[in-house]
Amino acid sequence: MAMTALTLSMHGATAVLTMNRPQARNALDEQMREDFTRLIPQVRDDRAIKAVVLTGAGGHFCAGGDIKSMQATVAGKQDVFDSRNRMLGLHRWFDELLDMEKPVISAVQGSAFGAGLSLALAGDFVLAAPSAKFCCVFAKIGFVPDLAGMYLLPRLVGLQTAKELAFTARVVAADEAQQLGMVYKLTSEDVLAEALAFAERFASAPTEAIGYTKRVMNRAFETQRAEVYQQEALAQTLCRESAFHQEAIARFVGKQPPLYQWQD
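First residue of the sequence shown? That's 28 in our numbering, and the numbers climb one at a time after it.
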């Protein structure tokens with residue numbers, strides 16, 4: 028299924044969401060925001076989908092917010108509360124992406140700037156081509172980091188480095204981004220192919236168990252240990268009754284190959 032600015036395609040059990048405005052380096056405009064709003068629940072609710080790859084068309088990931096549309100909004104003198112509601116709308120679908128109970132892999136080529144940086148960091152794993160460049164660019168236009176940038180970046184790179192990246196708005200190359208903790212793996216320039224191969228490893232994974240693990244870990248830094256214990260107990264009780272667990276135990280007892288085994 029294809030939308031105007033965001034496309035959805037299937038590769039086996041992997042859904043690929045491609046930001047598709049190459050003429051604007053896949054800048055996030057109103058149409059793309061609407062497409063994310065419609066497509067993320069579709070991907071989330073399809074039980075046949077085991078993993079998600081997020082990428083951009085035309086050699087770039089996402090250049091951030093669409094400056095031209097921002098200028099048009101200013102010219103139209105949008106009410107300040109309309110602007111607030113617009114940001115809250117962004118947060119709703121972004122949270123659904125960030126908390127999707129399936130592995131999400133960001134496949135980054137070219138620019139991942141501003142909101143595009145936040146979109147990249149929404150992935151559980153960020154794979155980066157040699158051409159990938161990351162920038163918390165907001166200070167250059169007098170903005171603060173948005174789309175959860177001030178939440179995600181300090182958790183990945185530490186508070187002091189996050190401040191430096193936000194205050195200076197400097198561009199970070201792929202190899203440095205890996206050293207800082209933003210990038211999980213450096214790839215060839217064919218980052219999409221490598222991301223698809225990586226995602227395919229989750230095809231036989233216990234999606235529900237991984238999803239619950241992700242949900243708890245995403246909140247671990249602001250959750251008290253006692254609450255994590257409660258979530259752990261609930262999740263393990265559910266998993267113990269799952270069809271996946273029952274089959275996995277039967278295979279173990281019967282000395283059969285496991286249902287799921289990570290392949291390097």
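Here a beta-carbon is modelled for each residue, glycine too, at the ideal position from N, C-alpha and C.
Residues near residue i in its chain [Cβ-Cβ closer than 8 angstroms; skip 5 each side]
i    : result
T240 : A262
A247 : V255
F279 : P285
N245 : L125, D126
S71  : Note on residue identity: the sequence assigns Arg, not Ser, to residue 71. Taken in chain order, the residues that qualify are E123, M127, E128, K129.
Residue i vs residue j beta-carbon contact at 8 angstroms
i    : j    : result
L115 : L148 : no
I132 : D151 : yes
S231 : L286 : yes
M59  : L33  : yes
K160 : S138 : yes
P130 : A236 : no
C163 : P172 : yes
N112 : C89  : no
I76  : A42  : yes
Q205 : L213 : yes
A134 : L219 : yes
H38  : L183 : no
F165 : A196 : yes
Sheet register partners of residue i (DSSP bridge)
i    : result
G83  : M46
C89  : A139
S133 : L81, V153
L174 : Answer is none; L174 lacks a bridge partner.
K160 : S138, A200
K241 : Bridge partners of K241: none, in fact.
L55  : G92
K212 : L154
heavy atom of the ligand ZN below 7 angstroms from residue i C-beta
i    : result
G141 : In terms of ligand content, the structure shown is empty, and the ligand ZN therefore cannot be addressed.
Beta-carbon separation (whole angstroms), residue i vs residue j, contact threshold 8 angstroms
i    : j    : result
V210 : A175 : That belief does not hold up - the Cβ atoms of V210 and A175 are roughly 18 angstroms apart, past 8 angstroms.
G143 : G91  : 5 angstroms
D56  : D93  : 4 angstroms
G208 : E128 : About 23 angstroms; that fails the 8 angstroms criterion.
W289 : R242 : About 21 angstroms; that fails the 8 angstroms criterion.
F271 : P233 : 5 angstroms
V79  : L125 : That pair is no contact at about 12 angstroms.
Contact set for residue i: own chain, Cβ-Cβ below 6 angstroms, skip 5 residues either direction
i    : result
E61  : none
G85  : P49
G83  : M46, N53, C89
T64  : W120
S145 : L174, A175, G176
R342 : Residue 342 lies beyond the residue range present for the chain, which begins at 28 and ends at 291; the question has no answer from this structure.
Cβ shell of residue i (< 7 angstroms), same chain only, five flanking positions each side left out
i    : result
V153 : S133, V135, A147, M209, V210, Y211
A200 : K160
V198 : K160, C162
R74  : none
E274 : L286
D202 : L213
Quiz prompt | 4-residue-minimum alpha helix (DSSP H) runs that sit fully inside the segment 248-277, ordered along the chain | solution = For the segment 248-277, whole alpha helix (DSSP H) runs of length 4 or above, ordered along the chain, are 252-267.
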